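Trainee:
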Amino acid sequence: MTAFLIQSTLTWAASLVLYFLVLRKTTFFTLNRWYLLFTLLFGLGANFLAEVLQPWAFTNTKTLVFGVLPEINFGGSPQTVETSSWSWIKMVYILGLLFFTFRLAFGLYRIFQFYVDGLKEKYNGYTLIRHPKITSPFSFFGWIFLQSNEKDPQELLPIIEHEKMHIRMGHSIDLLSLEILNCLFWFQPLIRLYKKALKETHEFLADEKVSKSWSAEAYIKMLIAPYTSASEPDFVSPFYQSEIKNRIHMLNHNRSNRKQLFFYLLSPVILGTLAMLFSSFTAPSKAMEKEYGINRDTLPQNKGMMVPPPPPPPPPPPSKKAGAKDRVAPPPPPPPPAPVAPVAPADAVAPEAPIDAMMAPPPPPPPPPPSREKGWGIPASQADEMPRFPGCENVGDAKERETCAHQKMMSFIASEMKYPEKARKNGTQGQVIAVFTVNTEGYIENLSIESEPGDGTGDEVKKIIAKMNQMPQRWIPAKKDGKKVAAVMTLPVNFWLDSKK
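Numbers 421 to 921, taken from the numbering used here, label the letters of the sequence shown in order.
The structure is reproduced here in structure tokens:
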């Protein structure tokens with residue numbers, strides 16, 4: 421929801437800036453109407469569009485994929501504070517929603533009351549309703565409302581023609597839709613700016629059409645007639661209530677040059693750029709929700725860090741002497757150095773050495789740790805069996821082993837991890853997302869921190885995960901098609917400070 425609000429606000433703000441600075445001054449009223457409606461809808465769908473554009477976003481080389489381990493919460497619990505805050509926010513939102521919905525419903529009720537109680541005259545394409553409580557002419561869908569004691573019928577003709585234009589062009593649909601959006605997003609002032617701009621554009625459109633059949637002087641004279649009402653609902657098209665000065669100015673304004681159509685081309689450029697930026701910022705946040713295939717070429721080369729395998733285990737302790745239970749036998753002395761053979765004379769024949777006296781060849785060096793050149797592995801979720809933390813091999817079925825492994829991993833992390841002092845001092849909280857590979861030998865490599873709140877939280881998580889390579893037992897590798905495979909994992913760790921402390 422936060423991402424949606426940010427993206428829609430930025431989209432609407434950028435679109436309205438372009439409109440009020442440039443497009444509002446043009447006489448392309450039809451284009452302006454569709455521009456406002458399109459950008460309004462674009463802002464509502466910006467979040468969805470950002471997800472669609474993710475594969476082409478600027479961050480399409482970011483590591484996004486991985487099998488996700490359960491979240492680990494470390495430190496205090498934020499649930500109480502967050503729940504309390506969200507409860508108040510929800511309560512305020514619901515109160516605002518109820519208020520604006522009631523206002524909309526009351527406005528609709530008044531219109532229907534005018535229709536039911538008024539004197540109706542049906543014409544081709546519209547119905548004229550007269551009612552004594554109507555103080556200013558207005559239209560709503562196929563209805564035109566006038567005061568019962570309205571003046572000379574001849575003077576009503578341009579007014580009726582004006583309202584007929586609103587009906588023909590479907591302006592009531594625009595305004596009612598905006599009013600519904602205003603109920604849902606009552607806290608969003610940009611919706612009200614859209615409503616103001618659209619109502620003004622509707623009046624410009626109707627004035628432009630009607631003024632072609634009437635002299636400009638007579639039509640302007642009618643506009644400045646002494647009608648001063650503000651009692652009609654916001655979602656109708658009142659004749660006298662708009663900004664008369666702007667309407668008169670537009671009636672006398674010269675037609676805009678076609679070169680000014682260039683400014684409308686700025687809109688797709690601005691909206692397209694915003695959509696790509698939104699998708700770039702959306703991609704990392706969706707890493708926990710969607711999984712994609714990866715390969716070495718799509719991974720950042722400076723992010724990966726291979727954790728070295730643990731040192732070889734120490735030799736077993738020497739046995740204790742019989743009868744001396746409290747004494748530990750000293751370690752055996754080091755083997756004597758190999759004897760150096762004396763130098764024989766040149767003409768001497770070397771005696772044949774016995775076979776058992778020959779020195780055994782030195783043991784081969786241990787194999788090197790797995791290299792990044794072998795790749796990062798497949799996403800763990802694509803394996804038949806995901807990697808498991810060790811210690812649960814003898815537990816019942818696969819599901820029980822997985823649950824047991826998660827519990828043991830969380831116990832290990834909780835016992836080893838400390839809240840960084842700098843983070844505690846600065847009140848730093850948030851989520852660390854660690855990514856690593858469990859190779860076919862059960863070692864952890866390619867360890868990296870994809871996101872963190874800072875102040876040492878990421879380093880602490882990296883240190884604890886690296887310690888897993890020094891455990892007596894190693895991770896149980898993932899399996900696919902019956903074979904061990906390297907698999908990439910994601911581990912989210914939440915750092916929270918207890919608000920009571």
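Ideal Cβ positions, reconstructed from N, Cα and C, are used throughout, including at glycine.
Here the structure is a predicted model, which is why all the values come from computation and not from measurement.
1) Name the one or two DSSP bridge partners that Phe856 has.
2) Secondary structure at Ala617, three-state DSSP: helix, strand or coil?
3) Would you tell me roughly how many angstroms separate the C-alpha atoms of Gln567 and Leu548, rounded to the nearest one?
4) Mapping the DSSP letters down to three states, classify Leu484 as helix, strand or coil.
5) Give the list of continuous alpha helix (DSSP H) stretches no shorter than 4 residues that lie fully inside the stretch 816-872.
6) Could you tell me which residues DSSP puts in a beta bridge with Tyr543?
7) So the beta strand (DSSP E) Ala898 belongs to, where does it begin and stop?
8) What's the gap between the Cα of Ile664 and the Cα of Phe624?
9) Would you give the residue range spanned by the alpha helix (DSSP H) that Ser597 belongs to?
10) Where does Asp879 fall in DSSP's three states?
11) For Arg675, does the count of other Cβ atoms within 10 angstroms reach 16, so buried, or fall short, so exposed?
12) Among His551, Gly516, Leu517 and Tyr513, which has the Cα closest to the Cα of Arg530?
13) Write down the C-beta distance between Ala466 and Phe809 rounded to the nearest angstrom, noting that I regard them as a contact closer than 8 Å.
14) Report buried or exposed for Lys510, applying the criterion of at least 16 other Cβ atoms within 10 angstroms of its Cβ.
15) Between His669, Thr823 and Glu836, which lies nearest to Met891 when the distance is taken from Cα to Cα?
16) Which term fits Tyr546, buried or exposed, when burial requires 16 or more other beta carbons within 10 angstroms of its beta carbon?
17) Please state if the CB of Ile690 and the CB of Ala434 are separated by a distance shorter than 8 Å.
18) Taking only the alpha-carbon atoms, compute the straight-line gap between Val815 and Glu865 and give it to the nearest angstrom.
19) Would you call His622 buried or exposed, if buried means 16 or more other Cβ atoms sit within 10 Å of its Cβ?
20) Would you list the residues sitting across from Arg894 in a DSSP beta bridge?
21) Considering only C-alpha positions, which residue in the set Glu620, Ser556 and Met585 is nearest to Ser376?
22) Express the C-alpha separation of His591 and Leu515 in angstroms, rounding to a whole number.
23) Can you list, in chain order, the residues of its chain whose CB lies under 8 Å from that of Trp895, leaving out five sequence neighbours each side?
24) So what does DSSP say about Glu628, is it helix, strand or coil?
25) Just to confirm, is the Cβ distance from Cys603 to Leu464 under 8 Å?
26) Please say whether Leu460 and Tyr614 have beta carbons closer to each other than 8 Å?
27) Under a three-way DSSP split, which group does Arg808 fall into?
28) Checking 8 Å against the spacing of the C-beta atoms, do Thr431 and Leu694 come in under that value?
29) Can you name the start and end residues of the alpha helix (DSSP H) that Asn672 belongs to?
30) I'd like to check one pair, Gly847 with Pro873: are the Cβ atoms closer than 8 Å?
31) Whole-angstrom Cβ separation of Phe683 and Val442, contact assumed at under 8 Å?
32) Quick one: what's got a C-beta closer than 6 Å to Phe532's C-beta in the same chain, skipping five residues either side?
33) Can you grab the Cα-Cα spacing for the pair Leu456 / Leu618, in whole Å?
34) Looking only at DSSP bridge pairs, what is His551 linked to?
35) Which two residues bound the contiguous alpha helix (DSSP H) that contains Arg453?
36) Taking only the alpha-carbon atoms, compute the straight-line gap between Phe927 and Leu469 and give it to the nearest angstrom.
Mentor: Concretely, from the data shown:
1) Met909
2) helix
3) 10 Å
4) With a pLDDT of 36 at Leu484, under the threshold of 50, the predicted position of this residue should be treated as unreliable, though the coordinate-derived value follows. Here Leu484 sits in coil by DSSP.
5) 818-836 and 841-846
6) Tyr546
7) Ala898 to Lys900
8) 10 Å
9) His591 to Leu604
10) helix
11) exposed
12) His551
13) Not quite, the Cβ-Cβ distance comes to about 41 Å (not below 8 Å), so this is no contact.
14) exposed
15) Glu836
16) buried
17) yes
18) 27 Å
19) buried
20) Its beta-bridge partners do not exist; DSSP assigns none.
21) Limits of the chain in this structure are 421 at one end and 921 at the other, which puts residue 376 out of reach.
22) 29 Å
23) Pro807, Arg808, Phe809, Pro810, Val858, Gly862, Tyr863, Ile864 and Met888
24) helix
25) no
26) yes
27) strand
28) yes
29) Ile664 to Asn672
30) no
31) 5 Å
32) none
33) 7 Å
34) Gln567
35) Phe449 to Leu464
36) Lying outside 421 to 921, the shown extent of the chain, residue 927 is not represented and no answer is given.
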